[in-house]
Amino acid sequence: MTVVRIGNEDIANALDEIANLLEIDNANPFRVRAYRNAARTVRGLGKNLETLVQQGRDLKSLPGIGRDLAANIEQMLDTGHMAALEELHKKFPASLEDLLRISGMGPKRVQALYHQLGIKSVPQLERAARSGRLCELPGFGSKLQQQILDAIAAQKVAEVRWPRAQAAMYAEQLVGYLKSIPGVSEVLVTGSYRRGKETVGDLDILVTAAKTDPVMQSIIAYQDVKQVLSAGSTRSSVILENGLQVDVRAVNQQSLGAALHYFTGSKAHNIQLRRLGQKRGLKINEYGVFKGKRHVAGNTEKQVFRSVGLPWIPPELREGGGAIDAARRRALPQLIERDDLKGDLHTHTQATDGQATIEEMVNAAQRHGLRYIAITDHSRHLTVAHGLDRKRLLRQIEHIDRINEAIKGITVLKGIEVDILEDGSLDLPDAVLARLDLVIGAVHSRFQLPRKKQTERILRAMDDRYFSMLAHPSGRLIGARQAYDVDMERLVRHAAERGCFLELNGQPQRLDLNDVYCRMAQEHGVLISINSDAHSVAGFGNLDHGIVQARRGWLSKKDVLNTRPVNALKRLLRQTRS
DNA sequence: GCCGTTTTCGGCCCGACTGTTTTCAGTCG
Numbered sequence: 001m002t003v004v005r006i007g008n009e010d011i012a013n014a015l016d017e018i019a020n021l022l023e024i025d026n027a028n029p030f031r032v033r034a035y036r037n038a039a040r041t042v043r044g045l046g047k048n049l050e051t052l053v054q055q056g057r058d059l060k061s062l063p064g065i066g067r068d069l070a071a072n073i074e075q076m077l078d079t080g081h082m083a084a085l086e087e088l089h090k091k092f093p094a095s096l097e098d099l100l101r102i103s104g105m106g107p108k109r110v111q112a113l114y115h116q117l118g119i120k121s122v123p124q125l126e127r128a129a130r131s132g133r134l135c136e137l138p139g140f141g142s143k144l145q146q147q148i149l150d151a152i153a154a155q156k157v158a159e160v161r162w163p164r165a166q167a168a169m170y171a172e173q174l175v176g177y178l179k180s181i182p183g184v185s186e187v188l189v190t191g192s193y194r195r196g197k198e199t200v201g202d203l204d205i206l207v208t209a210a211k212t213d214p215v216m217q218s219i220i221a222y223q224d225v226k227q228v229l230s231a232g233s234t235r236s237s238v239i240l241e242n243g244l245q246v247d248v249r250a251v252n253q254q255s256l257g258a259a260l261h262y263f264t265g266s267k268a269h270n271i272q273l274r275r276l277g278q279k280r281g282l283k284i285n286e287y288g289v290f291k292g293k294r295h296v297a298g299n300t301e302k303q304v305f306r307s308v309g310l311p312w313i314p315p316e317l318r319e320g321g322g323a324i325d326a327a328r329r330r331a332l333p334q335l336i337e338r339d340d341l342k343g344d345l346h347t348h349t350q351a352t353d354g355q356a357t358i359e360e361m362v363n364a365a366q367r368h369g370l371r372y373i374a375i376t377d378h379s380r381h382l383t384v385a386h387g388l389d390r391k392r393l394l395r396q397i398e399h400i401d402r403i404n405e406a407i408k409g410i411t412v413l414k415g416i417e418v419d420i421l422e423d424g425s426l427d428l429p430d431a432v433l434a435r436l437d438l439v440i441g442a443v444h445s446r447f448q449l450p451r452k453k454q455t456e457r458i459l460r461a462m463d464d465r466y467f468s469m470l471a472h473p474s475g476r477l478i479g480a481r482q483a484y485d486v487d488m489e490r491l492v493r494h495a496a497e498r499g500c501f502l503e504l505n506g507q508p509q510r511l512d513l514n515d516v517y518c519r520m521a522q523e524h525g526v527l528i529s530i531n532s533d534a535h536s537v538a539g540f541g542n543l544d545h546g547i548v549q550a551r552r553g554w555l556s557k558k559d560v561l562n563t564r565p566v567n568a569l570k571r572l573l574r575q576t577r578s
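Numbering (the working numbering), first residue to last: 1 to 578.
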């Protein structure tokens, strides 16, 4: 029998679905909101609910979760179902949710369509719109009918989220364009991009200008605009030729801080902050902080936070995952910065699938301000990368020894990215691994192993006496490949006991560990190494992406292995072998 | 349905844009 695991996302989805159906059912709007709030809490938790319950934690202590919702959640953890949701499904077909997902369709319109035309699925809606029947309903006109048809067509194009690094290129061009508009002073990319999320759904751009109309006219005239979704005097939304949605909002200079805070979000964070304001008799919106009608703060973000008695919170932490609590207790972490990194422990050369020589990689590392670099080419099992066998690796080791004798200001460490084979053994014999400064183990095959086998495979690899670090621990490729099924918490606990390290791989499509597991590792005292996995001299830029992800994972300098000076690092690497 | 250093009852985050409307409901972020 297979055990169905109920994750936080499943529970949050069920709570959101209840909220949607309650709203269609004309329930008390605040009751609806309670379910949405709870869903948000669950999503932003950063800890597995199942684990919390097993540890005997009272769910009622979580914000927005009271007696009823705690019972609902526990019921779902126990049985896999939520009775409250199944009750609603007796009244409304589950397919109504599909209607809600169409842009422009909310609960009121879905309710009208269902009750008055019997429409309960997207194909039915499309047929009704094509035959012109929607116009018969009060509140529905011909424009709305066309808008619905357009939205259905747009939805058929798969919804994509954009890797942050990719969105960054488009953002840069747009920022340059907007800055060239006369009268514009500041142009800032806000939203999930500024919070450093690994993918973004759209770009939110904030512009300050004395007059906002010229900004709005310019954005809809931008050469790359394919479609204008809305165009007002202070806010416009457009879709670019590549399909990326861009929302531009213009305010005047004195609202900069409040608007920057507002549009950076997250939504959960904003709601929490506005509630704090409300308790102090303050109204917080994108124009500022107001006491009655008086503008009391808003020029800078810092002012907005100060108005509710908090220190400035870094954008990467504004996810509703306890940052406001930590700020209140004056316990925010001093987040790691790029300059804290002293070295890079995962790089490739043309000996395997890299593009540059060792010397070129070392020079590039120096240009990036690094004091040490580990050369970690692939091992023989990864034949597509022309992985190193024992003989070639020994030659590389000698080569690196010669480089170290000749070079100043940087240390080159001898390493390997060795394949973890299906049985958990490493792809090279211990006698060779013993000659290296560090051994990075990596899974590059058999991603489909069942959870238990995959977990035990990696645990066994960690137990090799020369194992130093686990590369890209979940194996995911953002938007391309799911993480393999593995008990990450067990890996983290084992790394703590075994005294080895976990990688945060900075490749934009990997960013692996993710933010949640970074926090988990930190809690267990496992040091993280932020590595570029550079395959060319340009690859060291990945360190910047890794830093952003680490900050989202609440990591400080002390939590990161490669912030250590080279001697301390070597000591730590030796300790993994004792 | 949740929550409380004003409250165990009576509140609950805030504003822009669109379409269908003669003053606003619905949706979105």
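For every residue, glycine included, the Cβ atom is placed at its ideal position computed from N, Cα and C.
Going straight from the alpha carbon of residue i to that of residue j, what length do you get?
i: P420; j: R457; result: Checking the sequence, you will find Ile at residue 420 rather than Pro. Between I420 and R457, the C-alpha separation is close to 8 Å.
i: R371; j: G343; result: 6 Å
i: I336; j: Q355; result: 30 Å
i: I24; j: P107; result: 5 Å
i: L433; j: E316; result: 38 Å
i: G320; j: H348; result: 38 Å
i: L149; j: P450; result: 43 Å
i: A209; j: L96; result: 43 Å
i: R510; j: I478; result: 6 Å
i: A351; j: D437; result: 18 Å
i: D544; j: R338; result: 7 Å
i: V439; j: S379; result: 11 Å
i: E172; j: V248; result: 14 Å
i: K90; j: K120; result: 14 Å
i: G64; j: A323; result: 16 Å
i: D515; j: S445; result: 24 Å
i: D16; j: E398; result: 60 Å
i: A406; j: S237; result: 57 Å
i: V110; j: V418; result: 55 Å
i: E86; j: Q55; result: 28 Å
Determine the contact status of residue i and residue j, defining contact as a CB-CB distance below 7 Å.
i: G44; j: A327; result: no
i: V486; j: Q507; result: no
i: A364; j: L345; result: no
i: N531; j: E497; result: no
i: L388; j: D377; result: yes
i: V200; j: A167; result: yes
i: H494; j: M520; result: no
i: S468; j: T576; result: yes
i: V32; j: L22; result: yes
i: L188; j: L206; result: yes
i: A258; j: G288; result: yes
Quick one: grab the DSSP three-state call for residue i.
i: F467; result: coil
i: Y193; result: helix
i: M1; result: Unreliable placement is indicated for M1, whose pLDDT of 40 sits below 50; the coordinate value is still reported in the next sentence. Correct three-state label for M1: coil.
i: L149; result: helix
i: P315; result: helix
i: S29; result: Per the sequence shown, residue 29 should be read as Pro rather than Ser. Helix, per DSSP.
i: N13; result: helix
i: A19; result: helix
For the alpha helix (DSSP H) containing residue i, list its first residue and its last residue.
i: F263; result: 256 to 264
i: A622; result: Beyond the ends of the chain as shown, which are 1 and 578, falls residue 622; an answer cannot be given.
i: Q227; result: Q227 -> not in any alpha helix (DSSP H); beta strand (DSSP E) instead, spanning 225 to 231.
i: K179; result: 164 to 179
i: R133; result: Careful: R133 lies outside any alpha helix (DSSP H) and carries neither H nor E.
i: H269; result: 267 to 279
i: K570; result: 566 to 575
i: A297; result: Premise fails: A297 lies in the beta strand (DSSP E), 294 to 297, not in any alpha helix (DSSP H).
i: A323; result: 323 to 328
i: I65; result: Per DSSP, I65 belongs to no alpha helix (DSSP H) and is neither H nor E.
i: L117; result: 107 to 117
i: I458; result: 451 to 462
Would you kindly report the start and end of the unbroken beta strand (DSSP E) that includes residue i?
i: K47; result: No beta strand (DSSP E) contains K47, which DSSP labels as neither H nor E.
i: A250; result: 245 to 251
i: K414; result: 411 to 419
i: T352; result: Looking at the DSSP string, T352 is not in any beta strand (DSSP E), and its letter there is neither H nor E.
i: A374; result: 372 to 378
i: I239; result: 235 to 240
i: H202; result: The displayed chain sequence assigns Asp, not His, to residue 202. Run containing D202: 202 to 209, per the beta strand (DSSP E) assignment.
i: F290; result: 288 to 291
i: L438; result: 438 to 442
Open item on the list: Please give me, in chain order, every unbroken run of the alpha helix (DSSP H) with length at least 4 that falls completely inside the stretch 472 to 551.
Closed with: Look at the stretch 472 to 551 and you find these whole runs of alpha helix (DSSP H), each 4 residues long or longer: 488 to 498, 515 to 523.
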